[in-house]
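**Q**
Protein chains: 2
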Amino acid sequence: MNKCTCNLNPYLNHYSYHIFFTNLANELKIGIILSLRKKEKNVTEIVKDLKVEQSKISHALISLKKCNIVNVKQKGKKRIYFLNKDTIVPILELIDKHAFTHCKNKCCVKENNKEKSK
Amino acid sequence: MNKCTCNLNPYLNHYSYHIFFTNLANELKIGIILSLRKKEKNVTEIVKDLKVEQSKISHALISLKKCNIVNVKQKGKKRIYFLNKDTIVPILELIDKHAFTHCKNKCCVKENNKEKSK
DNA sequence: AACATATATGAAATAGGTTTCATATGAATA
DNA sequence: TATTCATATGAAACCTATTTCATATATGTT
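What follows is the structure, given as structure tokens:
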């Protein structure tokens with residue numbers, strides 16, 4: 001796919017957005033992001049916090065890391081993941097604000113998008 | 119899924135983010151957004167601009183509309199779609215900036231995420 | 001070196017969003 | 001009101017990211 005001609009950044013194309021947002025369009029990854037927003041954690045701590053199987057967390061983290069949404073530092077045998085807050089936190093705040101303004105009628109919540117809530 | 123306890127907005131949960139970002143994690147929808155960023159358009163104009171089949175555009179628009187990412191006004195037999203710029207444009211700018219800072223090494227582009235580029 | 005803890009990796013199966021294509025609906029006009 | 005233009009809708013097929021599960025690797029400890 002060609003470079004996108006409509007944005008500020010020559011390094012970014014439609015597909016770049018796709019990759020980036022694919023990471024955010026995922027409840028588990030959002031869970032990880034929100035968990036790391038509070039405090040950096042190693043994998044085991046994330047597993048405990050979210051009560052999700054370890055390899056699932058690892059797969060998700062690797063994907064998040066690829067886009068620099070999270071970063072990692074080694075500490076002994078533990079790997080501490082931490083959020084790159086510069087981008088994500090403002091984005092989440094924009095969504096929060098958007099939902100507050102537009103989605104009080106539940107337009108963006110599970111029930112309206114698919115009837116089979118459960 | 120329960121309300122998310124980590125954000126500002128009682129109307130928003132993990133799934134809300136998911137719904138919202140699913141709309142952005144799609145090249146066609148990003149294409150529509152970028153097209154509408156320049157100028158509001160009816161469906162036929164979007165079809166011409168993006169050279170994509172009409173029902174595909176309609177499906178995408180309905181999905182975008184559900185999250186108030188776009189809105190619509192009727193004008194004769196045409197339906198003019200326009201971008202809710204308050205949320206999307208700042209988000210795209212944040213991504214642009216993010217990519218500029220972090221993705222010069224192509225971390226977020228097609229080739230690195232999947233080897234089979236084409 | 002053997003072991004335990006911590007995390008990453010691979011691949012097949014799965015799930016859920018997107019595409020396709022046929023068709024229905026809505027608005028305007030002759 | 002018959003016709004045309006404009007757009008929406010439904011459902012099956014398709015595609016691709018996620019999940020699952022077995023296993024590999026890496027680091028520290030005894």
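Line by line, the protein sequences are chains A and B.
Quick note on our numbering: the first sequence kicks off at 1 and runs consecutively.
Quick note on our numbering: the second sequence kicks off at 119 and runs consecutively.
For glycine and all other residues, C-beta sits at the position ideal for the given N, C-alpha and C.
If you're wondering where the values come from, they're calculated on a predicted model, not measured in any experiment.
Helix, strand or coil: how does DSSP classify Ile148/B here?
**A** helix
**Q** I'd like to know whether the C-beta of Ile148/B is nearer than 7 Å to at least one C-beta of chain A.
**A** yes
**Q** Determine whether the beta carbon atoms of Val190/B and Arg197/B lie at a separation below 7 Å.
**A** yes
**Q** Could you pull the start and end residues of the alpha helix (DSSP H) that Lys187/B belongs to?
**A** According to the sequence as given, residue 187/B is Ile; it is not Lys. Run containing Ile187/B: none; DSSP gives neither H nor E here.
**Q** With a Cβ-Cβ cutoff of 7 Å, do Leu270/B and Phe21/A count as a contact?
**A** The shown model of chain B, from 119 to 236, leaves out residue 270/B, and the question about it has no answer.
**Q** Taking all protein chains shown into account, decide if Ile272/B is buried (16 or more other Cβ within 10 angstroms of its Cβ) or exposed.
**A** Nothing can be reported for residue 272/B, as the shown portion of chain B is limited to 119 through 236.
**Q** May I ask which residues mark the beginning and end of the alpha helix (DSSP H) holding Lys196/B?
**A** Element bounds for Lys196/B: not the alpha helix (DSSP H) but the beta strand (DSSP E), Lys196 to Leu201.
**Q** Rounded to a whole number of angstroms, what is the C-alpha to C-alpha distance between His220/B and Cys67/A?
**A** Their backbone Cα atoms lie some 8 Å apart in a straight line.
**Q** Measure the C-alpha to C-alpha separation of Arg155/B and Gln74/A and round it to an integer number of angstroms.
**A** Taking the straight line from one Cα to the other gives about 42 Å.
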